[in-house]
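Take 12 as the starting number for the sequence shown in this note's numbering and just add one per residue.
Every residue gets a Cβ at the ideal spot worked out from N, C-alpha and C, and that includes glycine.
Remember, it's a predicted structure, so these values are computed and weren't measured experimentally.
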Amino acid sequence: MAKDLNKVQLTGHLGADPEMRYTAQGSAVTTFRVASNRTWRDKDGNTHEETEWFRIVAWDKLGEICNQYLTKGTRVYIEGRLQTRKWTDRDGQDRYTTEVIAQDMIILSPKGERGPVPDVEPSYEEPVDETVRRIPPPANSRPANTPPPARTPASKIPSRNQPQPIDDEDIPF
Numbered sequence: 012m013a014k015d016l017n018k019v020q021l022t023g024h025l026g027a028d029p030e031m032r033y034t035a036q037g038s039a040v041t042t043f044r045v046a047s048n049r050t051w052r053d054k055d056g057n058t059h060e061e062t063e064w065f066r067i068v069a070w071d072k073l074g075e076i077c078n079q080y081l082t083k084g085t086r087v088y089i090e091g092r093l094q095t096r097k098w099t100d101r102d103g104q105d106r107y108t109t110e111v112i113a114q115d116m117i118i119l120s121p122k123g124e125r126g127p128v129p130d131v132e133p134s135y136e137e138p139v140d141e142t143v144r145r146i147p148p149p150a151n152s153r154p155a156n157t158p159p160p161a162r163t164p165a166s167k168i169p170s171r172n173q174p175q176p177i178d179d180e181d182i183p184f
């Protein structure tokens, strides 16, 4: 019997700085949005461009690395899997969101260079998740007008090619 496949590979620019939180059990979870552009020509030769926004979720060490090294405008390669989850909003309505659960990340922007970020806002509503808490920036964080730290070589970013066991206590919803 053939195996199923759930794999996403994309490149694009971050639309905002990542946000890192911790679950009640202490697992780091970082979220950010990546804009990926698609360009094509129609039958009349006119060029069209469309921007697709992806919500990315990175857990544990990869989440900490993303939070530390990524900023708005950074061009990245993300590899992971799609996951759709359901929650109930404050009005009692069922809501759904589809996310890319990152398993690998490579920074594509050269050191100190940030690419353009489309002015298009994503068309989905961010879920309110009460089980994670926003963390303040560390005391040794850099001021907003200073360059980011040196790029981490791709070989030092942990790869998550093998599925990691997940305890029900680690899931924030």
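Beta strand (DSSP E) containing Asn48: first to last residue? Ala39 to Arg52
Excluding sequence positions up to five away, which residues of its chain have a Cβ less than 8 angstroms from the Cβ of Gln20? Tyr88, Ile89 and Glu90
CB contact flag (Leu120, Arg86, <8 angstroms): Residue identity check: residue 120 is Ser in the sequence provided, not Leu. Going by C-beta atoms, Ser120 is nearer than 8 angstroms to Arg86.
What separation, rounded to the nearest whole angstrom, lies between the Cα atoms of Ile117 and Asn57? 33 angstroms
Under three-state DSSP, which class holds Gly74? helix
Using DSSP's beta-bridge definition, name the partner residues of Gly56. Partner(s): none; Gly56 has no beta bridge.
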